[in-house]
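Participant: Sharing a structure here in structure tokens format.
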Amino acid sequence: MKTAVVILNWNTKGFLEEFLPALISSVEKVDGAEVVVADNASTDGSLEMMAKKFPQVKTLSFEKNLGFTGGYNRAFSEIKSEYFLLINSDIEVPQDWLGPLVDWMDSHPECAACAPKLHSWQEKEKFEYAGAAGGYLDKFGYPLCRGRVLKELETDYGQYDSPKNVFWATGACLLVRSSVYKELGGLDDRFFAHMEEIDLCWRMQLCGWKVTVVPNSVVYHVGGGTLPATSPFKLFLNFRNNRLMLSNNLAKTFASQFLAKGMALEKAARKGYHKAQRRLFLRGALDMLSAMVYLATGKMDCFKAVLKARKDAKALERKTDISHIEAYLQEYGAKAKVAGIYNRWIILRSIIKGKGIFKEIESEVI
Numbered sequence: 562m563k564t565a566v567v568i569l570n571w572n573t574k575g576f577l578e579e580f581l582p583a584l585i586s587s588v589e590k591v592d593g594a595e596v597v598v599a600d601n602a603s604t605d606g607s608l609e610m611m612a613k614k615f616p617q618v619k620t621l622s623f624e625k626n627l628g629f630t631g632g633y634n635r636a637f638s639e640i641k642s643e644y645f646l647l648i649n650s651d652i653e654v655p656q657d658w659l660g661p662l663v664d665w666m667d668s669h670p671e672c673a674a675c676a677p678k679l680h681s682w683q684e685k686e687k688f689e690y691a692g693a694a695g696g697y698l699d700k701f702g703y704p705l706c707r708g709r710v711l712k713e714l715e716t717d718y719g720q721y722d723s724p725k726n727v728f729w730a731t732g733a734c735l736l737v738r739s740s741v742y743k744e745l746g747g748l749d750d751r752f753f754a755h756m757e758e759i760d761l762c763w764r765m766q767l768c769g770w771k772v773t774v775v776p777n778s779v780v781y782h783v784g785g786g787t788l789p790a791t792s793p794f795k796l797f798l799n800f801r802n803n804r805l806m807l808s809n810n811l812a813k814t815f816a817s818q819f820l821a822k823g824m825a826l827e828k829a830a831r832k833g834y835h836k837a838q839r840r841l842f843l844r845g846a847l848d849m850l851s852a853m854v855y856l857a858t859g860k861m862d863c864f865k866a867v868l869k870a871r872k873d874a875k876a877l878e879r880k881t882d883i884s885h886i887e888a889y890l891q892e893y894g895a896k897a898k899v900a901g902i903y904n905r906w907i908i909l910r911s912i913i914k915g916k917g918i919f920k921e922i923e924s925e926v927i
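The sequence shown begins at 562 in my numbering and counts up one residue at a time.
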């Protein structure tokens, strides 16, 4: 097949029953596309239901829950196709959503990944939290979106209707070039779930690829299908994985920016490394401030989740040094260009600007 449309399922039998028929119908309209359901050891009868109601759909069954990262890495190791499409089971698709994404990748060989606009399933005209119209990153590593800042969501009135290179695109529905996915080692298995697609998109750009939102494709996301927004475990994953993501990519990003300004390679690597260390220290302080807020407001589970995230991130971090940054610059420094950085602290600016934050972001993002 040319395009493998892969749902990674874990105990979402109800969503499969509801949304799979429309997905199958839409995918059949695109040459060389096929739906695959990969199951992360569900216990809710998902596979039995698939065999009974959707016997035409290829299924992969894993012996344990490998998480979002491990599950997709395992699934894609068993599938041969030019493009991989990651899609959540809680997404409703119209009939014409997939073609524009495949067409974009076919006609833009410099693009490693692209995604549709993500709308809310509950409020169809509004953007959805998990990706909206493409993602950015602020100076301290907090993700935000075109159409979503913190918990504020915009109505889609066409303000983001031009294709746009972004920092990251949502893993809820993401088309990736399989060759690039494999070259980069896929999703980072340490993450398990949450922010893994941001890390992947960042690594793609650091190797010279582009990540794009294709707005003439739109899908509708229920959201919270696996972990609710109030889950302390979800909070733990977000804090831990954000730290891992920054330690993976921040020094390389700063170093490549210094190199692009004409700085000598060795000096760019050294300055990039030390700037990243300072930024990581500041982000760590902000995380501890968040923990204190949870403690002060009586949210002990959240307080403990942030502390555990900090501890686990330190244990899992892959240590790097200036020599590693120099080696990276020698191979990729000349072509690396990271789009979608908002060089302010989004939490403070959103308080100051209110709903005007959306226009400020679009005017200031690098």
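Every residue gets a Cβ at the ideal spot worked out from N, C-alpha and C, and that includes glycine.
Classify H669 as helix, strand or coil using the three-state DSSP reduction.
Facilitator: Working through the sequence shown from its first residue, we reach residue 669 at position 108. Looking at H669 - three-state DSSP - the assignment turns out to be coil, as it is neither helix nor strand.
Participant: Of all the options G631, K563 and F576, which has the alpha carbon lying nearest to the alpha carbon of G785?
Facilitator: Within the sequence shown, residue 785 is the residue found at index 224, counting from 1. Nearest C-alpha to G785: F576.
Participant: If you drop the 5 nearest sequence neighbours on each side, which residues of the same chain put their C-beta closer than 7 Å to that of G692?
Facilitator: Against the sequence shown, residue 692 aligns to sequence position 131. For G692, where only same-chain residues beyond five positions count, the Cβ hits under 7 Å are A676, L679, C706, A730, T731 and A733.
Participant: I'd like the list of long-range same chain contacts for I886, defined as Cβ closer than 7 Å, with 5 residues on each side in sequence excluded.
Facilitator: For the purposes of this step, residue 886 is taken as residue 325 along the sequence shown, with counting starting at 1. Once the five neighbours on either side are set aside, the close Cβ partners of I886 are A812, K813, A816, A830, G833 and Y834.
Participant: Just to confirm the assignment, what range does the beta strand (DSSP E) spanning F645 have?
Facilitator: Start at 1 with the first residue of the sequence shown, and residue 645 comes out as number 84. Its beta strand (DSSP E) spans residues Y644 to I648.
Participant: What three-state label does DSSP hand W682 in the structure shown?
Facilitator: Here the question's residue 682 lines up with position 121 in the sequence shown. Correct three-state label for W682: coil.
Participant: Rounded to the nearest angstrom, how far is the Cβ of K619 from that of G593, given a contact under 8 Å?
Facilitator: For the purposes of this step, residue 619 is taken as residue 58 along the sequence shown, with counting starting at 1. For the purposes of this step, residue 593 is taken as residue 32 along the sequence shown, with counting starting at 1. The Cβ separation is near 14 Å, so there is no contact.
Participant: Does the beta carbon of K875 fall short of 7 Å from some heavy atom of the ligand FMN?
Facilitator: Because no ligand of any kind appears in the structure shown, any question about the ligand FMN cannot be addressed here.
Participant: Less than 6 Å between C-beta atoms, sequence neighbours within five positions excluded: which residues of the same chain meet that for K880?
Facilitator: In the sequence shown, the residue the question calls residue 880 occupies position 319. None.
Participant: Note down, in chain order, each residue of its chain lying with its Cβ closer than 6 Å to the Cβ of N649, except the 5 sequence neighbours on either side.
Facilitator: Here residue 649 refers to the residue found at position 88 of the sequence shown. So the qualifying residues of the chain are A733.
Participant: Please list the terminal residues of the continuous alpha helix (DSSP H) segment that includes D760.
Facilitator: Position 199 of the sequence shown, counting from 1, holds the residue named residue 760. Run containing D760: E757 to L767, per the alpha helix (DSSP H) assignment.
Participant: Using a Cβ-Cβ distance under 8 Å, would T814 count as near chain B?
Facilitator: Within the model displayed, chain B is absent; a lone protein chain is all it includes.
Participant: Report the start-end ranges of each alpha helix (DSSP H) in the region 775-844 that is 4 residues or longer and not cut off at the edges.
Facilitator: DSSP runs (the alpha helix (DSSP H)) wholly in the region 775-844: 793-821.
Participant: Please work out which residues of its chain come closer than 6 Å, Cβ to Cβ, to Q656, disregarding the five sequence neighbours upstream and downstream, and give them in chain order.
Facilitator: Here the question's residue 656 lines up with position 95 in the sequence shown. Closer than 6 Å at Cβ, skipping near neighbours: S587.
Participant: What residues in its chain sit with their C-beta under 8 Å from that of L928, if we drop five residues either side in the sequence?
Facilitator: Because the chain is modelled from 562 through 927, residue 928 falls outside the range shown and cannot be assessed.
Participant: Nearest-angstrom Cα distance between K896 and I640?
Facilitator: Start at 1 with the first residue of the sequence shown, and residue 896 comes out as number 335. Start at 1 with the first residue of the sequence shown, and residue 640 comes out as number 79. Each residue's Cα considered, the two are about 30 Å apart.
Participant: So for T620, helix, strand or coil by DSSP?
Facilitator: Translated into the one-based positions of the sequence shown, residue 620 becomes position 59. Strand at T620.
Participant: To the nearest angstrom, how far is it from the Cα of G845 to the Cα of E757?
Facilitator: The residue labelled residue 845 in the question sits at position 284 within the sequence shown. The residue labelled residue 757 in the question sits at position 196 within the sequence shown. Each residue's alpha carbon lies about 19 Å from the other.
Participant: Would the beta-carbon of L767 fall within 8 Å of that of N810?
Facilitator: Taking the sequence shown and counting its residues from 1, one reaches residue 767 at position 206. Taking the sequence shown and counting its residues from 1, one reaches residue 810 at position 249. A contact, by the Cβ cut-off of 8 Å.
Participant: Please check the pair A866 and F797, which I expect to be a contact at CB under 8 Å, by giving their CB distance rounded to whole angstroms.
Facilitator: Counting from one through the sequence shown, the residue named residue 866 turns up at place 305. Counting from one through the sequence shown, the residue named residue 797 turns up at place 236. A866 to F797, Cβ: 4 Å. Contact.
Participant: Can you list, in chain order, the residues of its chain with a C-beta nearer than 8 Å to that of K700? Leave out the 5 residues immediately preceding and following it.
Facilitator: By 1-based counting over the sequence shown, the position of residue 700 is 139. Answer for K700: R840, I902, Y903, N904, R905 and W906, listed in chain order.
Participant: Give the straight-line distance between the Cα atoms of L826 and T773, rounded to the nearest whole angstrom.
Facilitator: Residue numbering aside, residue 826 sits at position 265 when the sequence shown is read from its first letter. Residue numbering aside, residue 773 sits at position 212 when the sequence shown is read from its first letter. Near 29 Å, if we compare the C-alpha coordinates of T773 and L826.
Participant: Quick check on Y721: buried or exposed, where buried means 16 or more other Cβ atoms within 10 Å of its Cβ?
Facilitator: By 1-based counting over the sequence shown, the position of residue 721 is 160. Buried is the call here.
Participant: For E713, which of helix, strand or coil comes out of DSSP?
Facilitator: By one-based count along the sequence shown, residue 713 stands at place 152. Strand.
Participant: Among the candidates N570, P704, E684 and R751, whose CA atom is the shortest distance from the CA of W763?
Facilitator: One-based indexing of the sequence shown puts residue 763 at position 202. Out of N570, P704, E684 and R751, P704 has the C-alpha closest to the C-alpha of W763.
Participant: Taking Cβ positions, are L647 and L735 nearer each other than 8 Å?
Facilitator: One-based indexing of the sequence shown puts residue 647 at position 86. One-based indexing of the sequence shown puts residue 735 at position 174. Yes, the Cβ-Cβ distance between L647 and L735 is below 8 Å.
Participant: By DSSP, does N634 sit in helix, in strand, or in coil?
Facilitator: Counted from its first residue, the sequence shown places residue 634 at position 73. Three-state DSSP puts N634 in a helix.
Participant: Alpha carbons only, please: which of Q891, L820 and I908 is nearest the one belonging to D848?
Facilitator: In the sequence shown, counting from the first residue as 1, residue 848 sits at position 287. Selected option, being the one with the closest Cα: I908.
Participant: Report all residues from its chain with a CB closer than 6 Å to the CB of D750; omit the five preceding and five following residues, and keep chain order.
Facilitator: For the purposes of this step, residue 750 is taken as residue 189 along the sequence shown, with counting starting at 1. Same-chain partners within the cutoff: T630 and G631.
Participant: Please determine, among H669, P616 and P661, the residue with the shortest C-alpha to C-alpha distance to S778.
Facilitator: For the purposes of this step, residue 778 is taken as residue 217 along the sequence shown, with counting starting at 1. When only C-alpha atoms are compared, the closest one is P661.
Participant: If contacts are defined as beta-carbon pairs under 8 Å, then Y644 and M666 qualify, I think. What distance do you get, rounded to the angstrom?
Facilitator: Counting from 1 along the sequence shown, the entry for residue 644 is found at position 83. Counting from 1 along the sequence shown, the entry for residue 666 is found at position 105. Their Cβ separation, rounded to whole angstroms, is 6 Å, which keeps Y644 and M666 in contact under 8 Å.
Participant: What three-state label does DSSP hand E878 in the structure shown?
Facilitator: What you label residue 878 is simply residue 317 of the sequence shown in a count that begins at 1. E878 falls in the coil class under three-state DSSP.
Participant: Could you name the residues of the same chain whose beta carbon sits closer than 6 Å to that of K771, not counting the 5 residues immediately before and after it, in chain order?
Facilitator: Position 210 of the sequence shown, counting from 1, holds the residue named residue 771. Around K771: E671, C672 and N726.
Participant: Taking the C-alpha atoms as reference points, what is the distance between E689 and Y633?
Facilitator: Mapped onto the sequence shown, residue 689 falls at position 128. Mapped onto the sequence shown, residue 633 falls at position 72. The straight-line gap from Cα to Cα measures roughly 23 Å.
Participant: Can you list, in chain order, the residues of its chain with a C-beta nearer than 7 Å to that of Q683? Leave out the 5 residues immediately preceding and following it.
Facilitator: In the sequence shown, counting from the first residue as 1, residue 683 sits at position 122. Answer for Q683: no residue qualifies.
Participant: For E578, which residues from the same chain have a beta carbon less than 8 Å from its beta carbon, with the 5 sequence-adjacent residues on both sides left out?
Facilitator: Indexing the sequence shown from 1 puts residue 578 at position 17. Within the same chain, E578 has close Cβ partners M610 and K614.
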